[in-house]
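Enquirer: Pasting a structure here, questions to come.
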Amino acid sequence: MGPPWLVADDLWERIEPLLPVRERRLRFPGRLPLDDRKCLQGILFVLHTGIQWEWLPQELGFGSGMTCWRRLRDWNEAGVWDRLHLVLLSELHRAGELDWSRAVIDGSHRQVRRGGPKTRPSPVDRGRPGSKHHVITDGRGTPLAIALTGGNRHDVTQLLPLVDAIPHVRGKRGRPRHQPDRLYADRGYDYDKYRRLLWQRGIKPVIARRGVPHGSGLGTVRWVVERTNAWFHGFRRLRIRWDIRDDIHEAFLKLACCIITYRRVRALC
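Going by full-length UniProt numbering, 91 is the number at position 91 of the sequence shown; the sequence numbering is gapless.
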């Protein structure tokens with residue numbers, strides 16, 4: 001196997017039809033634009049290694065860091081990563097490899113170096129600026145939706161937005177599936193109000209109670225989301241937030257979500 005930033009042919013076959021078509025000027029068209037596949041490999045190189053855009057090695061042939069940055073911005077605005085994620089989830093669902101019997105939700109704190117939107121003083125890091133990654137997975141740890149907030153936002157505030165952000169995933173037959181049967185969460189989500197709202201959506205809440213002896217008994221099912229968080233933070237660019245613009249950091253998050261789901265497709269389908 002080659003480096004992780006090299007785009008496999010089967011992955012590129014899924015991505016290429018989703019990319020927006022760039023119109024070229026008839027008069028003074030200038031140089032030909034850099035190949036999209038090479039730009040994507042440059043973006044993945046930054047995501048995996050965590051280097052700054054301006055340090056992207058030119059000898060790799062991925063173009064300049066600014067070119068790759070613009071493509072990441074434009075593709076995120078065009079919804080490429082959301083559609084790619086849905087394509088990959090649909091493949092897993094058709095193969096029967098999505099566990100809709102339960103979902104697991106959790107959040108993780110990340111340090112911020114340069115400030116920007118969706119950064120706030122973090123109560124778990126001595127008031128230093130921070131952001132939070134919130135993720136909801138199926139029962140096997142496949143990410144279904146992800147969100148970015150400021151470091152002072154309570155995890156429970158993203159419970160319903162993440163549940164509602166799960167896409168409608170089509171299978172071989174029947175209606176698209178978009179919500180699990182049960183939702184597992186730790187004590188940070190222990191609010192009766194949100195339990196009632198989950199019941200109204202037809203989802204059974206299984207949430208640990210505060211003020212009880214340690215050991216919620218949910219560890220046998222909650223470990224999958226902890227593992228998924230570890231997968232996300234295996235991408236060095238996501239361990240510390242360097243991007244001032246929140247849309248760029250969210251684009252990296254969504255791209256990482258697609259890569260993790262693609263790995264699940266390769267392993268299970």
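We put the CB at the ideal spot given by N, CA and C, even for glycine. It should be emphasised that the depicted structure is a prediction, and the values quoted were computed from it without experimental measurement.
With a 10 Å radius around its C-beta and 16 neighbouring C-beta atoms as the bar for buried, classify Cys-68 as buried or exposed.
Expert: Looking at its Cβ environment, which holds 16 or more other Cβ atoms inside 10 Å, Cys-68 is buried.
Enquirer: Looking at Lys-38: is its Cβ nearer than 8 Å to the Cβ of Ile-146?
Expert: Contact: no.
Enquirer: Going by other Cβ atoms of all chains shown within 10 Å of its Cβ, with 16 needed for buried, is Lys-132 buried or exposed?
Expert: With 16 or more other Cβ atoms within 10 Å, it is buried.
Enquirer: What is the rounded straight-line gap between the Cα of Val-104 and the Cα of Gly-130?
Expert: Approximately 23 Å, taken between the alpha carbons.
Enquirer: Relative to the C-alpha of Leu-19, which candidate in Arg-83, Gly-151 and Gly-63 has its C-alpha closest?
Expert: Nearest of Arg-83, Gly-151 and Gly-63 to Leu-19, Cα basis: Arg-83.
Enquirer: Of all the alpha helix (DSSP H) runs that stay within the bounds of the UniProt domain "Insertion element IS402-like" (8-85), which reach a length of 4 or more residues?
Expert: As far as the UniProt domain "Insertion element IS402-like" (8-85) is concerned, its whole alpha helix (DSSP H) runs of at least 4 residues are 9-15, 36-49 and 65-77.
Enquirer: Assign Leu-86 to one of two classes, buried (16 or more other C-beta atoms within 10 Å of its C-beta) or exposed (fewer than that).
Expert: Under this definition Leu-86 is a buried residue.
Enquirer: Relative to the C-alpha of Leu-89, which residue among His-249, Pro-143 and Arg-73 is closest?
Expert: Residue Pro-143 is the option with its Cα nearest to Leu-89.
Enquirer: Just grab the DSSP bridge partners of Arg-110 for me.
Expert: Answer by DSSP bridge pairing, in chain order: Ser-131.
Enquirer: Can you tell me the Cβ-Cβ gap for Pro-176 and His-168, rounded? I've got them flagged as a contact below 8 Å.
Expert: With a Cβ gap of about 4 Å, Pro-176 and His-168 count as contacting.
Enquirer: So the candidates are Thr-119, Arg-120, Gly-50 and Thr-137; which of them puts its Cα closest to the Cα of Trp-223?
Expert: Of the candidates Thr-119, Arg-120, Gly-50 and Thr-137, the one whose C-alpha sits nearest the C-alpha of Trp-223 is Thr-137.
Enquirer: Across which residues does DSSP place Lys-204 in a beta bridge pair?
Expert: Arg-182, per the DSSP bridge assignment.
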